[in-house]
Amino acid sequence: MPRFSANLSFLFADLPFEKRFAAAAAAGFGGVEYVGAYDMPMASVKSLLSDNGLEQVLFNMPTGDWEKGERGLACRPGREDAFRDSVVKALDYAAATGCRMVHCMAGVMGKGEDAGELARLYCDNLLYAADLAEQAGVKILIEPINPLDMPGYLLNSVEQAAVILDQLDHPHLALQFDIYHAQIVGGNIAARLDRHLDKTAHIQIAGVPGRREPDSGELNYPFLFYMLDRVGYDGWIGCEYKPHGDTVAGLEWIRPWMPAAK
Numbered sequence: 014m015p016r017f018s019a020n021l022s023f024l025f026a027d028l029p030f031e032k033r034f035a036a037a038a039a040a041g042f043g044g045v046e047y048v049g050a051y052d053m054p055m056a057s058v059k060s061l062l063s064d065n066g067l068e069q070v071l072f073n074m075p076t077g078d079w080e081k082g083e084r085g086l087a088c089r090p091g092r093e094d095a096f097r098d099s100v101v102k103a104l105d106y107a108a109a110t111g112c113r114m115v116h117c118m119a120g121v122m123g124k125g126e127d128a129g130e131l132a133r134l135y136c137d138n139l140l141y142a143a144d145l146a147e148q149a150g151v152k153i154l155i156e157p158i159n160p161l162d163m164p165g166y167l168l169n170s171v172e173q174a175a176v177i178l179d180q181l182d183h184p185h186l187a188l189q190f191d192i193y194h195a196q197i198v199g200g201n202i203a204a205r206l207d208r209h210l211d212k213t214a215h216i217q218i219a220g221v222p223g224r225r226e227p228d229s230g231e232l233n234y235p236f237l238f239y240m241l242d243r244v245g246y247d248g249w250i251g252c253e254y255k256p257h258g259d260t261v262a263g264l265e266w267i268r269p270w271m272p273a274a275k
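If you want the numbering used here, it's the 1-based position in the sequence shown plus 13.
What follows is the structure, encoded as structure tokens:
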């Protein structure tokens, strides 16, 4: 049976962030994930998790200056020190919250920049992060993001990510397989999931097109959930979608898979 994690950066967005933890627990979720909560004290995040009986499944490293267009620092020349600081900060929060997976966003390419040079810097930074993460018992995840939603992002396809993971061959680097992004870039989800499941530590879902509830759009998620059960996937599945309206009202799709859903 799949285990579903509520992405609090997307779900329950009508509530203040700190109230989304209780809302997720009340809706029947056992785990949460989000972009980051670095503006909150670590002790406060830990209390929100423990008070609501939730597992911290995943969050992102600090991604740089979002308002200025940064979408991660790992491939950005001149931002090496900031990247290393972001690794330390993320691992501190992971230790405080019991989180065992941290997503490292790659960053975006500027016009005229050499993709090969940026990829080499990205890989060097991933190894730095993975070495520190290994000491902390944490895995660093990389997630391909489609170029329509995030133009210029360095890592677009699952196949690109698989090549990087094979080349770096580090036990604390793994794939974050976002089915929404993978459907937009390549499709053929069942075969690609099966092919890359050995590298996959976390899966995320949303309907395509529109990034709405998983029961909307062109993907047959029940088929994929049964397939994941059949092949023995025991990780979390992150619900990273934008509800059409009220989050709880839109959870009808999850009830066959999460009996505790309210």
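Backbone N, C-alpha and C define an ideal beta-carbon position, used for all residues, glycine too.
Item	Value
Which of the three DSSP states is assigned to Met271 in this structure?	coil
Thinking C-alpha only, which one of Met74, Glu46, Pro75 and Asn73 is nearest Leu61?	Glu46
Can you give the Cα-Cα distance for Phe190 and Ser57, rounded to whole angstroms?	29 Å
Does the Cβ-Cβ distance between Leu67 and His215 come in under 8 Å?	no
Rounded to the nearest angstrom, what separates Trp79 and Val115 at their Cα positions?	18 Å
Taking the C-alpha atoms as reference points, what is the distance between Ile192 and Asp105?	29 Å
Is Val100 closer than 8 Å to Tyr51 when the C-beta atoms are compared?	no
To the nearest angstrom, report how far apart Gly230 and Tyr239 are at their CA atoms.	18 Å
Would the stretch 236 to 250 and the stretch 177 to 185 be scored as touching if the rule is three or more Cβ pairs under 8 Å?	no
Could you say which of Pro164, Pro184, Gly165 and Glu156 lies nearest to Gln173 if we only look at CA atoms?	Glu156
What ranges does the beta strand (DSSP E) occupy inside the stretch 125 to 158, keeping only unbroken runs of at least 3 residues that lie completely in it?	152 to 155
Compute the Euclidean distance between the alpha carbons of Arg89 and Asn20, then round it to the nearest angstrom.	27 Å
What did DSSP end up calling Gly44 once you bin it into helix, strand or coil?	strand
For Pro160, which residues in the same chain have their Cβ closer than 8 Å to its Cβ, ignoring the five residues on either side in sequence?	Tyr166, Asn169 and Val198
What ranges does the alpha helix (DSSP H) occupy inside the stretch 156 to 181, keeping only unbroken runs of at least 4 residues that lie completely in it?	171 to 181
Using C-beta distances below 7 Å, list every residue in its chain close to His209, excluding the 5 sequence neighbours before and after it, in chain order.	Val171, Ala175, Leu188 and Phe190
How close, in whole Å, do the beta carbons of Ser18 and Gly41 come, if the pair is a contact with beta carbons under 8 Å?	Rounded, the Cβ-Cβ distance is 12 Å, inconsistent with contact.
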